[in-house]
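Trainee: To start, I am sharing the structure in question, which I have written as structure tokens.
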Amino acid sequence: MKTYGRPTWRVHDDERAAKKRRVDEFDEAEANLQYAIRESSAAVLSSPSRRNSLLSEGTLDDIDDLTTPPSSPPPRLTPPPANTRKPTFAFLKRKHKEVTTGSPLTEVNSNSVRASVDPPKQKGQKQPVMRQMQIDLGNDTRKTCTTCSMEYIPSNTEDAALHKKFHEMNATGIDLGKAFMRANASRWVYEATRFDEGYVVIVDRKASPSAKSQAKKVLEVVNKELSSPEIDDETLWSQTEPPKHLQDGPTEKVDRYRVFLHMKDSRCVGLCLTERIWESRPVVKEHNGNAHNGSSVSTRDEVRPAIVGVSRIWTSGSSRRKGIALDLLDCVVINFIYGMEITKAQIAFSQPTESGNRLAHKFFEGEETWHVYNER
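UniProt numbering puts the first residue of the sequence shown at 1, with every later residue one more than the last.
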């Protein structure tokens with residue numbers, strides 16, 4: 001390796017600086033460099049400070065003579081060997097056990113914070129503790145009211161309050177309010193002749209929703225007392241047409257039910273639910289004295305035409321035997337079809353109760369017989 005030094009100009013010297021001598025002894029410099037490396041390694045191991053311990057003094061003198069570094073990089077110093085000695089009390093350190101879950105990694109759902117492989121076990125639902133609210137001492141705690149025929153438990157507060165409300169409606173009538181009177185003042189169709197200060201109001205499919213609601217309220221009480229099936233609103237305010245075997249060409253539908261309410265002031269004391277029918281059967285007339293007692297009747301096989309069917313008829317307990325039911329039937333004969341008076345032979349009853357049987361015999365008194373029909 002050949003290295004040349006550049007000339008150095010001095011300010012105070014008139015003569016030009018001489019060139020530095022040429023280094024031709026490559027082997028000697030290489031040996032000195034290796035020696036310096038060994039000395040520096042020994043100094044690092046013996047002393048904590050590395051400064052001023054890399055090269056020897058002689059080598060520094062030789063290097064100072066050079067004004068430029070060599071053209072090729074010097075060899076890199078190897079790092080000192082790592083200290084592999086173990087601490088004195090290394091055996092006292094505890095070894096930490098590796099924590100393993102025992103289950104493979106699973107894909108974590110982005111919507112959940114933590115995904116679990118096995119779902120948590122659901123705890124069994126505990127059965128509610130049963131508590132006895134009433135003590136049955138073997139006595140008959142139920143009672144049947146002789147006026148409204150409602151069966152209730154006097155010791156039960158809710159049952160007693162319900163009976164009181166039902167008993168009042170059944171005994172004194174159902175209060176429909178003064179608003180019902182004012183709204184249906186134009187629908188008064190009949191002045192009662194047998195009952196003082198009474199009048200009849202008709203509620204049908206064309207009536208207002210409030211009038212229909214009040215009529216349905218009274219009908220619910222009647223159904224409970226007579227043990228009759230409930231009629232839903234869709235059927236109650238629907239239309240009907242003649243049976244197919246009676247149809248002769250196109251026919252028009254008519255209202256199926258009409259409700260006749262017998263009012264006294266703002267209370268309803270009587271109801272008659274009528275239905276449009278086309279056929280009825282005559283009742284076999286019995287000549288014995290017990291014909292009016294009981295609810296069973298016998299009919300003939302022949303079928304006769306009819307117009308009106310009396311589905312339900314009822315009067316409140318405090319207003320019975322005052323002619324309210326007969327007033328309602330008279331109003332049905334005159335006002336069921338506008339402008340047409342129906343004969344008694346075209347009126348039929350559904351399966352009557354014992355009191356209904358007596359009413360039918362009294363209403364059809366003087367007639368050859370009376371009729372019944374089958375409710376659909």
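A virtual CB, placed ideally from N, CA and C, is assigned to each residue, including glycine.
1. Below 7 Å CB to CB, which residues in the same chain sit around threonine 369 once its five sequence neighbours on both sides are set aside?
2. Check whether the Cβ atoms of cysteine 272 and isoleucine 313 sit closer than 8 Å, and answer yes or no.
3. Tell me where the beta strand (DSSP E) around cysteine 268 begins and ends.
4. Taking the beta strand (DSSP E) that glutamate 234 belongs to, which residues open and close that run?
5. Nearest to serine 255 by alpha carbon, out of Ala161, Glu191, Asp175 and Tyr338?
6. What is the DSSP secondary structure of aspartate 255, reduced to helix, strand or coil?
7. Helix, strand or coil for glutamine 127? Go by DSSP, reduced to three states.
8. Just to confirm, are arginine 304 and serine 280 a CB contact at a threshold of 8 Å?
9. If I follow the unbroken alpha helix (DSSP H) through isoleucine 342, where does it start and stop?
10. Just confirm the distance between the C-beta atoms of threonine 274 and arginine 258, as a whole number of angstroms; I'd bet it's less than 8 Å.
11. Just to confirm before moving on: does the CB-CB distance between valine 372 and phenylalanine 349 stay below 8 Å?
12. Decide if alanine 325 is buried, meaning its Cβ has at least 16 other Cβ atoms within 10 Å, or exposed.
13. What does DSSP give as the partner residue(s) for histidine 371 in the beta ladder?
14. Taking the CB atoms as reference points, tell me whether cysteine 268 and valine 310 lie closer together than 8 Å.
15. In the structure shown, what three-state DSSP assignment does isoleucine 313 receive?
16. Threonine 240 to arginine 321, Cα distance in whole Å?
17. So, with DSSP's three-state summary, where would you put valine 189?
18. Rank Ser298, Glu367 and Leu329 by C-alpha distance to the C-alpha of glutamine 351 and give the top, closest one.
19. Judging by CA-CA distance, which residue of Ala31, Thr353 and Cys331 is the nearest neighbour of arginine 187?
20. Would you mind reading off the limits of the alpha helix (DSSP H) that contains valine 333?
21. Under three-state DSSP, which class holds phenylalanine 364?
22. Under three-state DSSP, which class holds isoleucine 37?
23. Pull up the CB-CB distance for alanine 215 and valine 203, whole angstroms please, since I reckon it's below 8 Å.
24. Counting along the chain, where does the beta strand (DSSP E) carrying valine 218 start and finish?
25. For threonine 315 and glycine 270, which I take to be in contact (beta-carbon distance under 8 Å), what is that distance rounded to the nearest angstrom?
26. Candidates Ser296, Lys253 and Ala207: which alpha carbon is nearest lysine 244's?
27. Bridge partners for leucine 261 per DSSP, in chain order?
28. Would you kindly work out how many angstroms separate the C-alpha atoms of phenylalanine 166 and histidine 262, rounded to a whole number?
29. Grouping DSSP H, G and I as helix and E and B as strand, with all else coil, what is glutamate 151?
30. Let me check understanding here. Comparing Cα to Cα, which of Leu162, Ser208, His163 and Tyr35 lies closest to arginine 182?
31. Count the other CB atoms within 10 Å of the CB of leucine 246; is the residue buried (16 or more) or exposed (fewer)?
32. Among residues of its own chain, excluding the 5 on either side of leucine 226, which ones have a beta-carbon nearer than 8 Å to its beta-carbon?
33. Keeping to the same chain, check which residues put their C-beta closer than 8 Å to that of glutamate 302; ignore five residues upstream and five downstream.
34. By Cβ distance below 8 Å, which residues in the same chain neighbour serine 56 in space, the five residues on each side in sequence not counted?
35. Where do the N-terminal and C-terminal ends of the alpha helix (DSSP H) with leucine 162 fall, by residue?
36. For glutamine 239, list the residues DSSP reports as bridge partners.
Mentor: The relevant details are as follows:
1. Pro282, Val283 and Lys285
2. yes
3. 267-276
4. Taken as a continuous stretch (DSSP letters only), glutamate 234 belongs to no beta strand (DSSP E), being part of the alpha helix (DSSP H) at 233-236.
5. What sits at residue 255 in the sequence shown is aspartate, not serine. When only C-alpha atoms are compared, the closest one is Tyr338.
6. strand
7. coil
8. yes
9. Segment: none, isoleucine 342 is in no alpha helix (DSSP H) and carries neither H nor E.
10. 5 Å
11. yes
12. buried
13. Pro282 and Ala348
14. no
15. strand
16. 34 Å
17. strand
18. Ser298
19. Cys331
20. 324-335
21. coil
22. helix
23. 4 Å
24. Unbroken run through valine 218 is the alpha helix (DSSP H), 209-226; no beta strand (DSSP E).
25. 4 Å
26. Lys253
27. Val201 and Leu271
28. 19 Å
29. strand
30. Ser208
31. exposed
32. Arg312, Trp314 and Thr353
33. Arg281 and Pro282
34. A caution first: serine 56 carries a pLDDT of 46, below 50, which makes its placement in the model unreliable, though a value can still be read off. Correct list, in chain order: Asn32, Tyr35, Ala36 and Glu39.
35. 157-172
36. Asp255
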